[in-house]
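Participant:
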Amino acid sequence: MTASTNTGTESVRTSYKVRASELVGRNWLNTGGKQLTLQDFRGKITILDFWTFCCINCLHVLDELRPLEAKYSDVLVTVGVHSPKFEYEADPVALAAAVERYEIQHPVLDDPELVTWQAYGARAWPTLVVVDPEGYIVAHLSGEGHASGLESLVEELIAEHDAKGTLHRGTGPYVAPPAREGDLRFPGKAVALENGNFLIGDSGHHRIVELGNDLSTVVRTFGSGVKGFADGDAATAQFNEPQGLALLPAELAATLGYHAVIADTVNHRLRGLNLDTGAVTTLAGNGIQRLLDADQARSAAGDGNEGAWISDLGNDPLNTSLSSPWDVLWSPKTNAVIIAMAGTHQIFSFNPETLALSVFAGTGLEGLADGAPGESWFAQSSGLALDKQENIWVADSETSALRRLVLAADGSVETVETAIGAGLFDFGFRDGAADAARLQHPLGVAALPDGSIAIADTYNGAVRRYDPATATVSTLARGLNEPADVQLDASVDGEPVLLVVETNNHQLVRLPLPAEALVVDEGASQTQRPKTKVTAGEHALTVRFSAPKGQKLDDRWGDPTQLKISSSPEELLLSGGGTSTGLTRTLELNPEIPEGVLHITARAAACDGEPGGEIPMHAACHLYQQDWGIPVVLDAEGESELVLDLRGLDN
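For the sequence shown, our numbering gives the first residue as 81, with consecutive numbering after it.
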C-alpha cells in the first residue's frame, strides 16, 4: 500500500511519551491457543506490525523484520496485528492460512474490527509501532524500509532498560504450529508443458514441481525445498517463494540453454530452468529490493519534466535490482519476457538475447490510472496473459482490476486500459456491465478461445469471465479456495477445460467451461475503516514530510512534492480535488453528501545530500509515497482539518 522507504540509520524514536493501548482482537495465532494481553510483553521491546496479507509492502516488512527477530530474540518480540483491507481477509481461516504460508514466526493478533488499529492511530498498511519494556510508545512509522532505524532504536532501548533493570531477557510467547504434509504447499502459478504435464511454482515448498497430467503425480522437482538463493542442479538450487513461470520458444531455449523463466518472488530475481538437465541459473536481479533511481524518482514525483519517464534499465540484469516479480509471460511481439513487478507496481520486460531490461509500463506509483505507459499506474500486478491479438492482460490485484496493455506493431505499449475496476479501496462480487462489475484481489488471468478473458478472482473464490465484445462480466465457477491462477487446458480429451491453481487447497483442479455462465450480484464494497468525523465546507489538509537525515528534497526542477486527491462519491468534493504540487490543500466538502471516502496520494522525492548543500551528480534518490482512503462522515462537531504523515517526522 505504500512505496515509502527509509534508508537512514538515525534514531526513529518519537519525541513524545504515550502509554500503549491494550491489544484487543478476536483471537491470537502462533501462541499455542493462549490469549495474550499487553502485560505479557512487559519487559520486552515490542514491535507492533499492522499488516494485511494482501499487501506486498506488508510482505516486504515481514522479511525486513526477520533478521531483527533472530538477532534480538531474547529481548525483542514482534506482534503482527492483522487489520484486514479486503472483506475476505477478515475470514479467520484465510488468515491462519496466510500466517502459515508466509512462515510468520511471531504471535499474530486477529483484529477484524480494526479496534487495535484505531487505538494506535494507524491509517495505512504497513504501520509499525514500537513499545518499550515499560509499555510506552517510542516509535510510530509508516511504510517499509525501516530496518536500520529500528535496529538503532532497539540497541538504544536495550542499553537504556538494561541500566534501569526493566529489560527481561528470555524466550517470547511464539508457539510454532504443526507442519503441513503434502506434495504441494500453497502453489502459486502453473504452465503447461509440451508432454502434457504441468510446471508448478510450489511456493510454500520453495521449489518448482513438474506435475503429471493426472494433477497428482510428482514427476520431478527442481530446488532443494529449503528457502534460500543458490544456483545449481535440481537437487541443490534454492528458491524463495517462486510464483510465475513462462516457457520460451523451443529454438530460443536451445540457444540460451534454459527453457523456463521463473519469477523468484522473495529473492527479487528471475531464474532460468533447463528442463533437460535440471540446472537453475540466475537471469536478472541482484537480490536487493528495487527502489526508484534518481531520474525515475523525479519523474514519478511529478517534477514538471514532461517525457521524463525512464524505461531503459540497461543491459546488466544481474546487477539490477528487482522487486517481488510475481508473474512472467513470453511475448512474441516484443521478443521479450514480460514481468508483473508487483513490488514496484510496474510491468517490466526482459530480452533474454540482448539482456536488455526495461520498464514496460507504469510510473511506479500505486493506483489505477490509464493512458500512455509512462503515465499509467498499477497496483501490485500479479497475473499476465496474452490474447490472440498479442495484447497483454493484467490481473491488477490491489485495485481489484483487470487491465489491458494494447501493443503497437513494434511491440511497444500504445496505451493502458482498465476493463474492470474502480480503485484501491473498491471491490466486491458483481457481474453485469463491466463499468459497474467488481472483483476482489484477482491474481491470475487467461485468454479463452472465444476471445473472452478468464480471471482467477482470488478473494471471491471464483473464476470470472470478461467479454470484450460486450463489455460484460459473468462467473464461470465459484466455491474455490483462493484460486491464484487459471489456464486453458487443451491436454484433455474433448473440449478444453479450465485448469485452476487452488492455492489454499494445495492442488490443481480442472473445471469444465460452462455452456452458460452465472450472473452473480453480491454487491460492490469498499474497504471498511473507522470513519473520521469532519465538518462540511472548507477543510484544511496537510501532509507532513521530512526527508531523513542525510537526504534533502530534490528541488532542482521545482517542487518535488505532490498531492492527488479525489473522493467517492465524486460529489463529496466541491473543490480541492485533482493533482498538483505541494503537500497542503484546502478542500471543500459538500454539505449535501452525508459520508464518503477521501482518496489521497502524497509523494515526495529526496536525494542523498545534506540540507543546504548541492545534491551530488550521481546521488541516490528516493521516492516516498503513501496512499490513504479515509472514510469520513459529515458532523457539525467534526474536525475542520486533517493532518497526515507521509513518513514519521522523527524517523
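Glycine is no exception: its CB is placed at the ideal position from the N, C-alpha and C atoms.
Would you tell me roughly how many angstroms separate the C-alpha atoms of GLY676 and THR666, rounded to the nearest one?
Facilitator: If you number the sequence shown from 1, residue 676 lands on position 596. If you number the sequence shown from 1, residue 666 lands on position 586. Straight-line Cα distance between these residues: approximately 17 angstroms.
Participant: Could you tell me the alpha carbon to alpha carbon distance between ALA177 and TYR338, rounded to whole angstroms?
Facilitator: Against the sequence shown, residue 177 aligns to sequence position 97. Against the sequence shown, residue 338 aligns to sequence position 258. Spanning the two alpha carbons is a distance of roughly 34 angstroms.
Participant: Could you check the C-alpha separation between ALA202 and PHE130 for me, to the nearest Å?
Facilitator: Here residue 202 corresponds to residue number 122 of the sequence shown, with the count starting at 1. Here residue 130 corresponds to residue number 50 of the sequence shown, with the count starting at 1. So the two alpha carbons sit approximately 8 angstroms from each other.
Participant: In whole angstroms, what is the alpha-carbon distance linking LEU591 and LEU128?
Facilitator: In the sequence shown, counting from the first residue as 1, residue 591 sits at position 511. In the sequence shown, counting from the first residue as 1, residue 128 sits at position 48. Rounded to the nearest angstrom, the two C-alpha atoms are 42 angstroms apart.
Participant: Given GLU321, which residues of its chain have a CB within under 6 angstroms of its CB, disregarding the five upstream and five downstream residues?
Facilitator: Reading the sequence shown from its first residue, position 241 is the one you call residue 321. Closer than 6 angstroms at Cβ, skipping near neighbours: SER283, THR345, VAL346.
Participant: Between which residues of its own chain and ARG558 is the CB-CB distance below 8 angstroms, once the five residues before and five after are set aside?
Facilitator: As a position in the sequence shown, residue 558 is number 478, starting the count at 1. The residues are ASN540, GLY541, ALA542, VAL543, LEU598, VAL600.
Participant: With a Cβ-Cβ cutoff of 9 angstroms, do PRO453 and SER492 count as a contact?
Facilitator: Walking along the sequence shown from the start, residue 453 turns up at place 373. Walking along the sequence shown from the start, residue 492 turns up at place 412. Yes, the Cβ-Cβ distance between PRO453 and SER492 is below 9 angstroms.
Participant: Under the three-state reduction of DSSP, which class applies to LEU273: helix, strand or coil?
Facilitator: Within the sequence shown, numbered from 1, the residue matching residue 273 stands at position 193. In the structure shown, LEU273 sits in coil (DSSP, three-state: anything other than H, G, I, E or B).
Participant: Taking DSSP as the reference, what is the three-state secondary structure of GLN631?
Facilitator: Position 551 of the sequence shown, counted from the start, is the residue given in the question as residue 631. Note: GLN631 maps to strand in three-state DSSP.
Participant: Could you pull out every unbroken beta strand (DSSP E) segment of at least 3 residues lying fully inside the region 438-497, listed in chain order?
Facilitator: 461-466, 472-476, 481-487
Participant: From the DSSP output, read off the bridge partner residues of CYS687.
Facilitator: One-based indexing of the sequence shown puts residue 687 at position 607. Paired residues: LYS632, CYS701.
Participant: Using only alpha-carbon positions, find the residue among ALA422, ALA100, GLY303 that is nearest to LEU139.
Facilitator: Stepping through the sequence shown from its first residue, residue 139 is reached at position 59. It is ALA422.
Participant: DSSP three-state call for VAL195: helix, strand or coil?
Facilitator: In the sequence shown, counting from the first residue as 1, residue 195 sits at position 115. Note: VAL195 maps to helix in three-state DSSP.
Participant: Under DSSP, the beta strand (DSSP E) around THR335 begins and ends at which residues?
Facilitator: For the purposes of this step, residue 335 is taken as residue 255 along the sequence shown, with counting starting at 1. That residue, THR335, is in no beta strand (DSSP E); its alpha helix (DSSP H) goes 330-336.
Participant: Rank VAL299, LEU230, ASN471 by C-alpha distance to the C-alpha of PRO742 and give the top, closest one.
Facilitator: The first residue shown for the chain is 81 and the last is 731, placing residue 742 beyond what the model contains.
Participant: Spatial neighbours of LEU654 within its chain, please: C-beta separation below 8 angstroms, excluding the five flanking residues on both sides.
Facilitator: As a position in the sequence shown, residue 654 is number 574, starting the count at 1. Same-chain partners within the cutoff: GLU668, LEU669, ASN670.
Participant: Could you tell me the boundaries of the beta strand (DSSP E) in which ASN107 lies?
Facilitator: Your numbering for residue 107 matches position 27 in the sequence shown. Note, ASN107: beta strand (DSSP E), 107-109.
Participant: For THR158, collect the residues of the same chain with a Cβ closer than 7 angstroms to its Cβ; drop the 5 residues on either side in sequence, then sort them by chain order.
Facilitator: Locating residue 158 in the sequence shown gives position 78, where the first residue counts as 1. Excluding sequence neighbours, THR158 sits near ILE127, ASP129, LEU145, GLU149, HIS186.
Participant: If you follow the alpha helix (DSSP H) that LYS244 is part of, which residue opens it and which one closes it?
Facilitator: Locating residue 244 in the sequence shown gives position 164, where the first residue counts as 1. Taken as a continuous stretch (DSSP letters only), the alpha helix (DSSP H) holding LYS244 covers 227-244.
Participant: So, do the region 445-461 and the region 392-402 have three or more beta carbon pairs nearer to each other than 8 angstroms?
Facilitator: no
Participant: If I measure Cβ to Cβ from GLU717 and keep anything under 7 angstroms in the same chain, skipping five residues before and after, which residues do I get?
Facilitator: Translated into positions along the sequence shown, residue 717 becomes position 637. LYS613, listed in sequence order.
Participant: How big is the Cα-Cα spacing for THR316 and PHE302?
Facilitator: As a working note, residue 316 is residue 236 in the sequence shown. As a working note, residue 302 is residue 222 in the sequence shown. Distance between the alpha carbons of THR316 and PHE302 is about 8 angstroms.
Participant: Tell me whether the beta-carbon of GLY617 lies closer than 9 angstroms to the beta-carbon of THR641.
Facilitator: If you number the sequence shown from 1, residue 617 lands on position 537. If you number the sequence shown from 1, residue 641 lands on position 561. No, these two residues do not count as a Cβ contact at 9 angstroms.
Participant: State whether the region 107-126 contacts the region 207-224, with contact taken as three or more CB pairs (one from each stretch) at a distance under 8 angstroms.
Facilitator: yes
Participant: Buried or exposed, going by whether 16 or more other CB atoms sit within 10 Å of the CB of LYS151?
Facilitator: What you label residue 151 is simply residue 71 of the sequence shown in a count that begins at 1. Label assigned to LYS151: exposed.
Participant: Considering only residues of the same chain and omitting the five flanking positions on each side of THR495, which have a CB-CB separation below 6 angstroms?
Facilitator: In the sequence shown, residue 495 corresponds to position 415, counting from 1. Taken in chain order, the residues that qualify are VAL486.
Participant: Buried or exposed: where does HIS425 fall if 16 or more other Cβ atoms within 10 Å of its Cβ makes it buried?
Facilitator: Here residue 425 refers to the residue found at position 345 when the sequence shown is read from its first residue. Looking at its Cβ environment, which holds 16 or more other Cβ atoms inside 10 Å, HIS425 is buried.
Participant: Go to ILE125, then tell me how far its beta strand (DSSP E) extends in each direction, as first and last residue.
Facilitator: Along the sequence shown, one-based indexing puts residue 125 at 45. Where ILE125 is concerned, the enclosing beta strand (DSSP E) stretches over 125-131.
Participant: Helix, strand or coil for ARG351 per DSSP?
Facilitator: Stepping through the sequence shown from its first residue, residue 351 is reached at position 271. Reduced to three states, the DSSP call for ARG351 is strand.
Participant: So, does the region 270-279 touch the region 324-335, judging by three or more C-beta pairs under 8 angstroms?
Facilitator: yes
Participant: Going straight from the alpha carbon of ALA514 to that of VAL104, what length do you get?
Facilitator: As a position in the sequence shown, residue 514 is number 434, starting the count at 1. As a position in the sequence shown, residue 104 is number 24, starting the count at 1. Computed Cα separation, rounded: 40 angstroms.
Participant: Kindly give me the distance between the Cβ atoms of ILE217 and ALA100, rounded to whole angstroms, as I take these residues to be in contact under 8 angstroms.
Facilitator: Here residue 217 refers to the residue found at position 137 when the sequence shown is read from its first residue. Here residue 100 refers to the residue found at position 20 when the sequence shown is read from its first residue. Yes, they are in contact, since the Cβ atoms of ILE217 and ALA100 sit about 5 angstroms apart, within 8 angstroms.
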